[in-house]
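A.B. asks: Okay, so the sequence shown: first residue is 2 according to the working numbering, each after it adds one.
C-beta atoms are modelled at their ideal positions from N, C-alpha and C, and glycine is treated no differently.
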Amino acid sequence: MLQSREHPCVLECPYNNLLVSLSTGGLDPDLKAAYNSFMKSCEKGGKKSVNACHSVGLLAHDGRVNDDKPDPVVARDYYTKACDGNFAPSCFNLSVIYLQGAPGVPKDMNHALKYSLKGCELGHIWACANASRMYKLGDGIEKNDAKAEDLKNRAKQLHKEQKEASSSLTFGE
Numbered sequence: 002m003l004q005s006r007e008h009p010c011v012l013e014c015p016y017n018n019l020l021v022s023l024s025t026g027g028l029d030p031d032l033k034a035a036y037n038s039f040m041k042s043c044e045k046g047g048k049k050s051v052n053a054c055h056s057v058g059l060l061a062h063d064g065r066v067n068d069d070k071p072d073p074v075v076a077r078d079y080y081t082k083a084c085d086g087n088f089a090p091s092c093f094n095l096s097v098i099y100l101q102g103a104p105g106v107p108k109d110m111n112h113a114l115k116y117s118l119k120g121c122e123l124g125h126i127w128a129c130a131n132a133s134r135m136y137k138l139g140d141g142i143e144k145n146d147a148k149a150e151d152l153k154n155r156a157k158q159l160h161k162e163q164k165e166a167s168s169s170l171t172f173g174e
């Protein structure tokens with residue numbers, strides 16, 4: 002059952018925040034309320050706060066809480082908090098922001114590589130692939146075929162592990 006927005010669990014339970022934002026069970030989605038709840042959870046800190054920080058980053062990045070106006074600076078700041086807490090998807094998203102550049106966040110290949118490598122270290126396949134590509138092409142960094150190959154192999158290994166893990170799921174048995 003979904004807790005009320007005033008319930009203290011809203012500040013501590015990322016899944017309740019997600020339900021507020023994506024609810025289809027008789028409640029209208031309220032992304033602004035979800036954003037505010039994620040923000041409070043993120044700022045509170047603690048073990049589960051990285052999920053909330055990542056969610057703030059996602060909602061700011063795509064602009065859904067700001068009249069469809071993305072805010073890459075806010076996204077960067079909250080992805081950074083989550084990445085600092087070892088949340089791999091945030092590290093990957095940071096790498097993409099720095100690879101492409103965005104209003105208020107200039108393209109920075111050194112930062113892109115830094116966050117790609119951290120995301121890869123944390124097990125994010127696409128972060129490994131991005132870092133591999135950067136080394137292979139010398140894209141804003143010194144070309145290094147050996148590092149490119151190592152990172153490509155890491156991505157392949159992570160992919161294999163994910164396939165094996167998902168194929169071992171069984172339902173109804």
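Is DSSP giving Val106 helix, strand or coil here?
C.D. replies: strand
A.B. asks: Taking the alpha helix (DSSP H) that His125 belongs to, which residues open and close that run?
C.D. replies: That residue, His125, is in no alpha helix (DSSP H); it is neither H nor E in DSSP.
A.B. asks: Rounded to the nearest angstrom, what separates Gln163 and Phe172 at their Cα positions?
C.D. replies: 18 angstroms
A.B. asks: Round the Cβ separation of Phe93 and His125 to the nearest angstrom and send it over; I've been treating them as touching at under 8 angstroms.
C.D. replies: 5 angstroms
A.B. asks: Excluding five sequence neighbours on each side, which residues of the same chain lie with their C-beta closer than 6 angstroms to the C-beta of Ala61?
C.D. replies: Asp72, Val75, Ala76
A.B. asks: If you draw a straight line from the C-alpha of Ala130 to the C-alpha of Cys84, how long is it?
C.D. replies: One C-alpha to the other measures close to 18 angstroms.
A.B. asks: Using the beta-carbon count (16 or more within 10 Å), is Lys119 buried or exposed?
C.D. replies: Answer is buried; the Cβ neighbour count reaches 16.
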